[in-house]
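A.B. asks: Pasting a structure here, questions to come.
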């Protein structure tokens, strides 16, 4: 069951990445988020599912759509240039590499991805199985165990996630709130402008 | 953005808005008993305004959540959160030590309810910030997108065909 | 008045959702319901008279079983077509129902959409319905205006 | 070989998170469209969420909401990864929002959101200045 | 199994069947509008049935109230969404396929031009 | 930060302080040229007086010096007065007076721009010299050595023409590059090799005398250090010197006679005597490399000088070759040769400054820069050319001038250690020196002036003349009373034998 | 209240950042004093804590909500991060003073309040990264700092700034995701997020070091942080970001941001994985970082030589400078670490002053072309003097701060038998000397006929911070206390001498 | 009931799987959005089913057989999905409409 969901997720992820119409890609990304949330539910991570649904499928999609309206929704066929950066010092190289850039960036990225994937796969060798209740993460007496056994007496709420979120790790949550406020502030700074700033942009 | 023409969508969306808002508050209020909390509630609450803007146009949507108010509320939520932390600190405890809200040397039960109120307070803070921020994010993103059909503005989709 | 009605409706909804009856939750619920009612009771009642709204809901409840039956029956038809037992022959028809309120229009449009075989594609500014039907029969069924009549009865008069 | 396969099978959550992560990473690195990169970034981040949630799994567990009358054999899931991922999701949406705002400005400034074209314009600028 | 559970089983099975049929329709039908038929309502009905099937054995409780609420929402939102989709297609100028017009549009891979054709 | 205010202990710091005060004074009075130059001159005189006073105390056997500030343990700015230091300080501060005097005349005559910058950099340069001279450890010396490079750069680039910029570029590239690439790592190696508690303190008999580091490391350190001291102009790191000839003549004098190149050879002496120690170098055998380089430089430098037509360039190559006498003396590792080498610091300074003053005076008065244009000039500028002749004789090593004294000590040293090839080199170079100096004198005095020489041509401005006669006089005096330098040099080189 | 200094030091700038949009709405004039005041307090707080730690010799601990550490989140101030805190807060304070005028010029009016707020949040983020004792909290503050940095950079007037900010965002997010992965792997293995707790688990059982997930965790931390700190092959985002950012942003970000990430790497190495991981657990990682940092040290300044834009030149030089800091970790002995640690301060002071000068150039001419520096010495002697001192410090001229770091690094390198590092350091000094000299020559010895583009000295509000930073270059180079602090910090990290 | 719910869940998942190619291949934008919408609505049911399955699992482990309250958590989420999915669909379509309107306007202006 979980496996089926995971397969679906991979399918949707591929779709979101491959589809050239960005509007559709965004919509698919929304579906991907929903499916992800289903997976969270399967894994009993209710709060995460809730958030993922509200954010991934809701706000994130709407924001992306709004942005798409302003930037156009077609993806070009040219490649990326992120991987060019180590050589960016040599302008000449850059110009020669302009040819076949899509294919080159595809191969380069694939290589990087393979490297990262290999590293991560290597990392799984000694990992505890998924669902192992005896894994270190699940048995740490001062962390996971503490939250489960003591949160009711120490904090109160039935939802342990809320206790941890709001109290044990309340400071993280404050940081998180600041992050979202920061994002709003940053977007304000970037987008709420009068004519002068806009004209400067268009020069 | 001009108003949606189809009465079906208009009608349904309009009736849905209060339900969404109430649901958001429900999510906030029951974050302690089940999934949910300030963040989820905030996002859902904000999405009701998004829906309004989508269906009734940018201006109408913004009227429901005016710039002035969201601009103030967004930091206010954070300030509420951090303020609770500071109050704990001023009461002699550590930052965010809700138990101290009951005062020094309070009984266990009092501390317990202090924790409870602390949690509600910060969840409310989170919700306020998230709602206001999400509304801000959406309306700022959508600002120029919502011009009338007829107008061919420069921000639009370029000749990418 | 609208505020009170909205408040009551939302309060019922809240109690149904929440299920907690301890003071903290109730107080929070009251606050929430009040807040939402204050913010958007107009959305809920649409500015119309409260009494008619109630009546409409009641009539809608009566209308539902019929609609459900329609849906079930027509679904079978579409399923058969999906699996290729029967042919499909899509077409577009237009008609202009004689409805006075948005409520009625919405009821009709959604009913049409829910009934398999037909989808309300558009409602033009002057109230003309454009309907896409999967089969000629379905289109004809819409054009017989049985549903329109039902919708009108649910509507029970204009908004104004 | 069999070892490897059985290992992969027993850790298939992890295999899938790696797969998703690579899809996202590939999109970020290889796609020239700025919005597509953001989409890739989202996929990348959710893949990491999957990893975290998998860490906290307990076979046959139940959601970490306290439950009176819970049978002894049903453990609560580890709540900590959930908490962490809530934070990470928020961070993710914030980054998405800022990225989109930047893209909107870039489009306004350059008239395009394709990386190749932007760089070409930059280079033209640089030539014009020198 | 109690009687209620048997009824529930039947209802859920029906719902699942309807949903599967709807999914098949989305794949099999030749054009957007007809797919909309399959998706829009087979799904609505199927979902309604499955949810109903879930609620039946429980009887009246908060859970079934929530299920009812969800069903209600589905029955309001789904047709509206379907209508919105249809309307979107109509506004874009997507022409419905008609039986006598000839072959349905082929699923051409090159979707870059897909949309301009309708615009 | 430890600041010692005991005047006795902090004599060297005060000396530097005076120079820096002078800089401030010069900057403050930049709108009043006369006052500014007065300040400049006063500073020079006061500073020289202080150095003399310190010399007196030193001779009386007192130890002067202090640690000015300790950056980290082992790296400190500290001073101490010793024989080598006081010798260099005497040369530098003494000649600075004359050089300042000369500059006043020269700069005024030329109506040069940016004179304030000129004088302040001049003063900083001398402060750097003082600092380096009295440094009690390698780090301080290095610091002041760098400071000197940096503050003379504005002097070299003074004209800010393209040639000046190119010359200055070469100047700074060579000096800064060499010290960064070689001296700094050398210093670092020395620090590491100096023992369990790393130190850079100079010591009689050598800081590294008891080092346990490997021979390779020490040898490498020595070679790097010598290469790093590119100011000493040994080939192949010499080409900055002719390039820096674009500077105004007082600067050239400063570079060649007083400060810069002397700082280089002074550094080599420090390295040889007080860092490595003669014994250790003898064991290592790396000094031979320096010896050969010096021999090579002496001969080749002279040969190149022979074909130069530009007077200042000819003098520059002469400097290159003459400096190598000093290195030669040091590298022979024989006490007597060491005396010759170290004493030559002083003797060469007075002689070479005379020559430069003369060249500058000719330029000021006659606007002539080429050797071939000097026909008959001796008759018009007799004092200048007389001084020039004295300087030239000293360079060649003929009595009654200073040059012969040091050369004599060198020869003695070479004989002592039986380095016959060195003797040959000395002989050849003497001949070559004669070959490129005497024709100038001959031209000046015994060839008729070319047609069309302006009849008004006479001596340079008075300050110039005073300065150059002063230095010429000093050159002569040093022949008759060489003890001042020779005694100090003997103390440095550890020479205990009798006098010639 | 002193007991609460750790949290107040972070919270006051954060609070100021939160309040600023509210107060700025009432009165725009209050914005600047508020920023200066908040950062002044942070500076005071961090220095107070540093002095405290240095005199008592014990780290300050603070736990939030009164929860013991692995259960809750905590702060920890020791010598090393006390130094970094003081550096960030000090740089923030000076930047906030400095930016009064440039912000008026470069940031559009209606966005300025928000700009200040974002700036303060960025400071708070950096401070939070540095002080925290919880790895996930580190991530959260890293993101606050990153998001704000992206925008601070993108606020540059030219469109290139937007793209630079965007590239940084993408690359930085990948880096942050990698860090998150690293945290996840660690959490999986140890079940804890408290740094001290994880460290004690590793110390209790060093066989953990051989596990593949622990190694992967370290690898991802390394790559993620290397991206954030722009270590050599991963520095691609940096030059454009520094070049096109508005001057106040580039001043602050250049003097702190990469170093905060470098500090995070120190903390991960010594405070989370433990020293033994580097010496015994996975010694190969040292080789890799050694190669990366050596390459950075040589290539950064080498590339900088060719740049025609002052800010870009400085950016490439930063690439090299971060290599010095990372070298300290590689060498793993007291001398090397001392060199690395004092370089946090030294580089902040030198790069800060240089960016002050670049900012002054932009302030006066509107662009940052190196050629516009010609003749600045005559018209703006103070600024030029700062440039000279800071340039010398970059080169490593004795008596300036830069010299000491190099000296100790070289000593450490010899001690660790990485002899080739010494020529690497020398080569880098030479390359640095070349570009610094090129700049200085233009400033002081421009050809006569060049009319200086910088017509006059900058206002005092810009001059004082620049002079303070320039003076810091000298003070750090002349006084032993910064080295003493760094050495104590290095010893406290537990490396053998 | 557990098996019935599980089978239903698998059926719904297969339904999603069947629709997936539409999302990937289109051919038109609207087809994709349709597919996405279908997936979204199916998710609601999926969630409800998962909730019930979870509860039934704990019942099998010995929990009280009538304690379905924990399914309510899942239903809460499902309800949120219903709302969010609706908003998202409306949003997509509104934007398509705006885009089409712009394209039309441009054509009109251009011609």
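Protein chains in written order, with this note's numbering: chain A, 2 to 204; chain B, 596 to 756; chain C, 13 to 172; chain D, 4 to 133; chain E, 16 to 134; chain F, 257 to 756; chain G, 144 to 640; chain H, 41 to 151. Note that the Cβ used here is the ideal one computed from N, Cα and C, for glycine as well.
1) Examine chain A for any beta-carbon lying closer than 8 Å to the beta-carbon of residue 113 of chain H, and answer yes or no.
2) Could you check if residue 537 of chain G is buried or exposed, using at least 16 other CB atoms within 10 Å of its CB as the buried criterion?
3) Please state if the CB of residue 47 of chain C and the CB of residue 620 of chain B are separated by a distance shorter than 8 Å.
4) Identify each residue in the segment 80-100 of chain H for which the Cβ-Cβ distance to at least one residue of chain D is less than 8 Å, and report them in chain order.
5) Shortest alpha-carbon distance to residue 72 of chain D belongs to which of H:117, H:114, H:112, H:99?
6) With the cut-off set at 8 Å, would you say residue 248 of chain G and residue 498 of chain G are in Cβ contact?
7) Just the C-alpha distance for residue 618 of chain G and residue 626 of chain G, rounded to the nearest angstrom, thanks.
8) Below 8 Å between beta carbons: does that hold for residue 564 of chain G and residue 470 of chain G?
9) Fully enclosed by the segment 17-81 of chain A, which beta strand (DSSP E) runs are 3 residues long or longer?
10) Does residue 107 of chain H have its Cβ less than 8 Å from a Cβ in chain B?
11) For residue 335 of chain F, write down the residues that DSSP places opposite it in a beta bridge.
12) Should residue 44 of chain H be flagged as near chain A, meaning a C-beta pair shorter than 8 Å?
13) With burial defined as no fewer than 16 other Cβ atoms inside 10 Å of the residue's Cβ, what is the status of residue 316 of chain F: buried or exposed?
14) Once DSSP output is grouped into helix, strand and coil, what is the label at residue 107 of chain C?
15) Taking 8 Å as the cut-off, does the segment 629-639 of chain F touch the segment 364-376 of chain F (at least 3 CB pairs, one atom from each stretch)?
16) My guess is that residue 501 of chain G and residue 511 of chain G are in contact by the Cβ rule of under 8 Å, so how many angstroms apart are they, rounded?
17) Would you verify that the beta carbon of residue 144 of chain C is, or is not, closer than 8 Å to some beta carbon of chain E?
18) If you follow the alpha helix (DSSP H) that residue 144 of chain C is in, where does it begin and where does it stop?
19) For the pair the segment 384-398 of chain G and the segment 318-335 of chain G, tell me if three or more CB-CB distances fall below 8 Å.
20) Would you check if the distance between the CB atom of residue 389 of chain G and the CB atom of residue 519 of chain G is smaller than 8 Å?
21) Any residues in the segment 40-64 of chain D with a beta carbon nearer than 7 Å to a beta carbon of chain G? Which ones, in chain order?
22) According to DSSP, is residue 161 of chain D helix, strand or coil?
23) Using a Cβ-Cβ cutoff of less than 6 Å, which residues in the same chain neighbour residue 92 of chain A once the five nearest sequence positions on both sides are dropped?
24) Assign residue 157 of chain D to one of three DSSP states: helix, strand, or coil.
25) For residue 367 of chain F and residue 319 of chain F, I'd like the C-alpha separation in whole angstroms.
26) What residue range is occupied by the uninterrupted beta strand (DSSP E) comprising residue 135 of chain C?
27) Using only the alpha-carbon positions, how far apart do residue 276 of chain G and residue 60 of chain A sit?
28) Between residue 472 of chain G and residue 278 of chain G, how many whole angstroms is the CB-CB distance? I'm expecting something under 8 Å.
29) Taking 8 Å as the CB-CB limit, is residue 4 of chain A close to chain H?
C.D. replies: Concretely, from the data shown:
1) yes
2) buried
3) yes
4) 94, 97, 98
5) H:99
6) no
7) 11 Å
8) yes
9) none
10) no
11) F:322, F:391
12) no
13) exposed
14) strand
15) no
16) 5 Å
17) yes
18) Per DSSP, residue 144 of chain C belongs to no alpha helix (DSSP H); it is in the beta strand (DSSP E), 141-145.
19) no
20) no
21) 40, 44, 47, 48, 51, 54, 55, 58
22) Given a span of 4 to 133 for chain D in the structure shown, any question on residue 161 of chain D remains unanswerable.
23) Model confidence at residue 92 of chain A stands at a pLDDT of 47, short of 50, so the residue's coordinates are unreliable; what they give is reported in the following sentence. Closer than 6 Å at Cβ, skipping near neighbours: no residue.
24) With chain D running from 4 to 133 in the structure shown, residue 157 of chain D is simply not present.
25) 45 Å
26) 130-135
27) 33 Å
28) The pair is not a contact, with the Cβ atoms about 17 Å apart (cut-off 8 Å).
29) no
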